[in-house]
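S.K.:
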Amino acid sequence: MVVTEREHEVLLFEQHEHAKVCGELAEAWREEYFIGKSKRRSVIYAIYEHDNGWIQLDKTPLINRDRKIPFSFIDYPLTSKIKAYKKGIDIIEKKDGYAALICSLHYASFFERYTNGRGEDFLSLERERQNKLKEKLYIHKSEEEDLLFHYDLLQFCDNLSLYLCMNEPGVDKKNEVIWFRKGFSQRFAYNNKKRIVAHWLDKNTVSLTDFPFNKELTVSLKYKCIQKSQMSNLQVEYKHQKSKQRIITIVGCN
Numbered sequence: 006m007v008v009t010e011r012e013h014e015v016l017l018f019e020q021h022e023h024a025k026v027c028g029e030l031a032e033a034w035r036e037e038y039f040i041g042k043s044k045r046r047s048v049i050y051a052i053y054e055h056d057n058g059w060i061q062l063d064k065t066p067l068i069n070r071d072r073k074i075p076f077s078f079i080d081y082p083l084t085s086k087i088k089a090y091k092k093g094i095d096i097i098e099k100k101d102g103y104a105a106l107i108c109s110l111h112y113a114s115f116f117e118r119y120t121n122g123r124g125e126d127f128l129s130l131e132r133e134r135q136n137k138l139k140e141k142l143y144i145h146k147s148e149e150e151d152l153l154f155h156y157d158l159l160q161f162c163d164n165l166s167l168y169l170c171m172n173e174p175g176v177d178k179k180n181e182v183i184w185f186r187k188g189f190s191q192r193f194a195y196n197n198k199k200r201i202v203a204h205w206l207d208k209n210t211v212s213l214t215d216f217p218f219n220k221e222l223t224v225s226l227k228y229k230c231i232q233k234s235q236m237s238n239l240q241v242e243y244k245h246q247k248s249k250q251r252i253i254t255i256v257g258c259n
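So this is what it looks like as structure tokens:
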């Protein structure tokens, strides 16, 4: 779950809904900027489906008793989160090995500096999966650059979609979630590896430097709003609360 906290309420964006927007962003990536075009279908599938392990978890959000708001993808209990990651990659691997490889790289990256035993175990198992998939798919060192681009594209689309979820629409740059204030960390060849930076122009419009998409695009993020006063009955409230839509148009900088 992507959780945004306000003074008296929280906004809850299900991970798979956020991932659908990631997929739309990937589909709109300019053809001439896409490296390894023969894998494009697999890459887009990976980006649409990369959070599918969260589907069941997000149906019944859990309350963080210390913070008195729902757990998000950041602080969700680690054992359950790792199981969801593995389950999601397993599902993808049954349909598309290359897509599973990209998703495995994505999730393994979360644990590269992890010292907790469960995180280390997950990282070890996913590196083993990656090696087997590379061997099975005949991915040679000459194709590593393509794979790195596909991995970076997933992470960029993921971060841009999170930017749209986690920030208050229309927020000033200095008040954005700190992750995004200096731009996105993924670098691409088409703009000489400069950081792409997003800005809110108003509550419904976000601009990007070095615009990477084939056209301006409008995306819709579904979410639910729960009053903090109702947290003691979170799962019932969440089930019966009607969804809202956050609609945002993404444009290039002038």
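Under the working numbering, the residues of the sequence shown are numbered 6 to 259, in order.
Backbone N, C-alpha and C fix where the C-beta goes; we use that ideal spot for every residue, glycine too.
Could you pull the DSSP bridge partners for CYS230 from this structure?
M.R.: In the DSSP output, where bridge partners are listed per residue, CYS230 has LEU16.
S.K.: Pick from GLU149, SER85 and SER109: whose alpha carbon is nearest that of ILE96?
M.R.: Closest by alpha carbon: SER109.
S.K.: So, at 7 Å on beta carbons, what are the nonlocal neighbours of GLY257 in its own chain, with the 5 sequence-adjacent residues on each side left out?
M.R.: The answer, listed in chain order, is SER212, LEU213 and PHE216.
S.K.: Is VAL26 helix, strand or coil when you go by DSSP?
M.R.: DSSP places VAL26 in helix when its eight states are reduced to three.
S.K.: Closest by CA to LEU158, which one among HIS21, LEU16 and ARG45?
M.R.: Selected option, being the one with the closest Cα: ARG45.
S.K.: Go ahead and pull the three-state DSSP assignment for LEU213.
M.R.: Strand at LEU213.
S.K.: Strictly by DSSP, which residues pair up with TRP205?
M.R.: Bridge partners of TRP205: VAL211.
S.K.: How would you call GLN20, buried or exposed, if buried means at least 16 neighbouring beta carbons within 10 angstroms?
M.R.: Label assigned to GLN20: buried.
S.K.: Can you give the Cα-Cα distance for CYS170 and GLN250, rounded to whole angstroms?
M.R.: Spanning the two alpha carbons is a distance of roughly 11 Å.
S.K.: Counting only the same chain and skipping the five closest in sequence on each side, list residues whose C-beta sits under 7 Å from that of GLY28.
M.R.: Taken in chain order, the residues that qualify are ILE49, ILE52 and TYR53.
S.K.: Does the structure place the region 128–145 close enough to the region 96–107 that three or more beta carbon pairs sit under 8 Å?
M.R.: Short answer: they touch.
S.K.: From HIS204 to LYS179, what distance separates their C-alpha atoms?
M.R.: Computed Cα separation, rounded: 10 Å.
S.K.: On the three-state DSSP scale, how would you describe GLN240?
M.R.: GLN240: helix per DSSP, three-state reduction.
S.K.: Could you tell me whether the Cβ atoms of VAL8 and PRO82 are closer together than 8 Å?
M.R.: No; because the gap between Cβ atoms is not below 8 Å, this pair is not in contact.
S.K.: Could you round the C-beta distance between LEU226 and PHE78 to whole angstroms and report it? I think they count as a contact, below 8 Å.
M.R.: Not really, about 15 Å apart at Cβ, beyond 8 Å.
S.K.: Which one of ASN172, GLN191 and ASP56 has the shortest CA to CA distance from ILE183?
M.R.: The option with the nearest alpha carbon to ILE183 is ASN172.
S.K.: Would you say ILE231 and PHE154 are within 8 Å of each other, going by their C-beta atoms?
M.R.: The answer is no: Cβ separation not under 8 Å.
S.K.: Roughly how many angstroms lie between the CA atoms of ASP80 and ILE255, to the nearest whole one?
M.R.: About 29 Å.
S.K.: Which value, in whole angstroms, describes the spacing of the CA atoms of LEU222 and ILE253?
M.R.: LEU222 and ILE253: Cα-Cα distance of roughly 8 Å.
S.K.: What does the Cβ neighbour count give for LEU206, buried or exposed, with the cut at 16 atoms within 10 Å?
M.R.: Counting Cβ neighbours within 10 Å, LEU206 comes out exposed, since fewer than 16 surround it.
S.K.: Could you name the residues that DSSP lists as bridge partners for ARG251?
M.R.: Paired residues: LEU226.
S.K.: Taking the alpha helix (DSSP H) that GLU173 belongs to, which residues open and close that run?
M.R.: Unbroken run through GLU173: none, as it is neither H nor E.
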